[in-house]
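Enquirer:
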Amino acid sequence: MPVQRSAQTESVDDYLKMMPGNTRVALEKLRKIIKTAAPVTTEVVSYKIPISKYQGHPLVGFGATENHCSFYIMSSGMIPKLARARNAELKRYDVSGATIHFTPDKPLPATLVTKLVKERIAENEKRAKK
Numbered sequence: 097m098p099v100q101r102s103a104q105t106e107s108v109d110d111y112l113k114m115m116p117g118n119t120r121v122a123l124e125k126l127r128k129i130i131k132t133a134a135p136v137t138t139e140v141v142s143y144k145i146p147i148s149k150y151q152g153h154p155l156v157g158f159g160a161t162e163n164h165c166s167f168y169i170m171s172s173g174m175i176p177k178l179a180r181a182r183n184a185e186l187k188r189y190d191v192s193g194a195t196i197h198f199t200p201d202k203p204l205p206a207t208l209v210t211k212l213v214k215e216r217i218a219e220n221e222k223r224a225k226k
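Position 17, counted from 1, in the sequence shown is what the working numbering calls 113; the numbers after and before it change by one each time, with no gaps.
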């Protein structure tokens, strides 16, 4: 079943309802991990994908196409860290810039997502102090 996306999606719940079964389950699990790692965030749909904002700035996002799911780190500063981690934690996944692609049958480990979300929180806090 193809992924259905609409420009009219207004909530993360609406976005998830449009996803086929196994993709929806994978993204719901990812959403739960993000919320656990960063409970004080605001969820919005921006650029047609769900995004968690922290202190008014994008933290991370997620989405899906017909071929894969994506976890958007939303930070060019994280790209070198992702490149270094590629041989260890990310070798099973396709990494493109600050985006990690995965499939519902090979979800991202909760420990990795939590670590990346916490690093993004630290970046946003540092940014807010400037």
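Glycine residues also receive a C-beta, built at the ideal position from the N, C-alpha and C atoms.
For clarity, every value in this text was computed on a predicted model and none was experimentally measured.
1) Can you tell me whether T207 is buried or exposed? The criterion is at least 16 other CB atoms within 10 Å of its CB, across all chains shown.
2) Please confirm whether K149 has its beta-carbon closer than 8 Å to some beta-carbon of chain C.
3) Spatial neighbours of T199 within its chain, please: C-beta separation below 6 Å, excluding the five flanking residues on both sides.
4) Indicate the three-state DSSP secondary structure (helix, strand or coil) for A194 in the structure shown.
5) Looking only at C-alpha atoms, which of D201, R180 and L123 sits nearest to G193?
6) Quick one: give me the first and last residue of the beta strand (DSSP E) that V140 is part of.
7) May I have the straight-line CA-CA distance separating S148 from K202, to the nearest angstrom?
8) What distance in whole Å lies between the Cβ atoms of Y111 and T119, which are believed to be in contact at a cut-off of 8 Å?
9) Give the range of the alpha helix (DSSP H) segment to which A206 is assigned.
10) Measure the alpha-carbon distance for G152 versus P176 and round it to whole angstroms.
11) Quick one: is T161 buried, meaning 16 or more other Cβ sit within 10 Å of its Cβ, or exposed?
12) Which whole-angstrom value describes the C-beta separation of N220 and L155, a residue pair presumed to lie in contact below a C-beta threshold of 8 Å?
13) Any idea what DSSP makes of A184, helix, strand or coil?
Expert: Result, derived from the coordinates:
1) The count along the sequence shown starts at 1 and reaches residue 207 at position 111. Exposed, since its Cβ has fewer than 16 Cβ neighbours within 10 Å.
2) No chain C is present in this structure, which holds just one protein chain.
3) In the sequence shown, the residue the question calls residue 199 occupies position 103. So the qualifying residues of the chain are H164.
4) Reading the sequence shown from its first residue, position 98 is the one you call residue 194. Three-state DSSP puts A194 in coil, outside helix and strand.
5) To locate residue 193, count along the sequence shown from 1; it is residue 97. Closest by alpha carbon: R180.
6) Here residue 140 is taken as the residue at index 44 of the sequence shown, counted from 1. Per DSSP, V140 belongs to the beta strand (DSSP E) from T138 to S142.
7) On the sequence shown, residue 148 is found 52 positions in, with the first residue counted as 1. On the sequence shown, residue 202 is found 106 positions in, with the first residue counted as 1. Between S148 and K202, the C-alpha separation is close to 22 Å.
8) Here residue 119 corresponds to residue number 23 of the sequence shown, with the count starting at 1. Here residue 111 corresponds to residue number 15 of the sequence shown, with the count starting at 1. With a Cβ gap of about 11 Å, T119 and Y111 do not count as contacting.
9) In the sequence shown, the residue the question calls residue 206 occupies position 110. A206 -> alpha helix (DSSP H) spans A206 to K225.
10) Locating residue 152 in the sequence shown gives position 56, where the first residue counts as 1. Locating residue 176 in the sequence shown gives position 80, where the first residue counts as 1. Computed Cα separation, rounded: 24 Å.
11) Working through the sequence shown from its first residue, we reach residue 161 at position 65. The residue in question, T161, is exposed, as its Cβ has fewer than 16 Cβ neighbours within 10 Å.
12) Walking along the sequence shown from the start, residue 220 turns up at place 124. Walking along the sequence shown from the start, residue 155 turns up at place 59. Confirmed, Cβ separation roughly 6 Å.
13) Against the sequence shown, residue 184 aligns to sequence position 88. DSSP places A184 in coil when its eight states are reduced to three.
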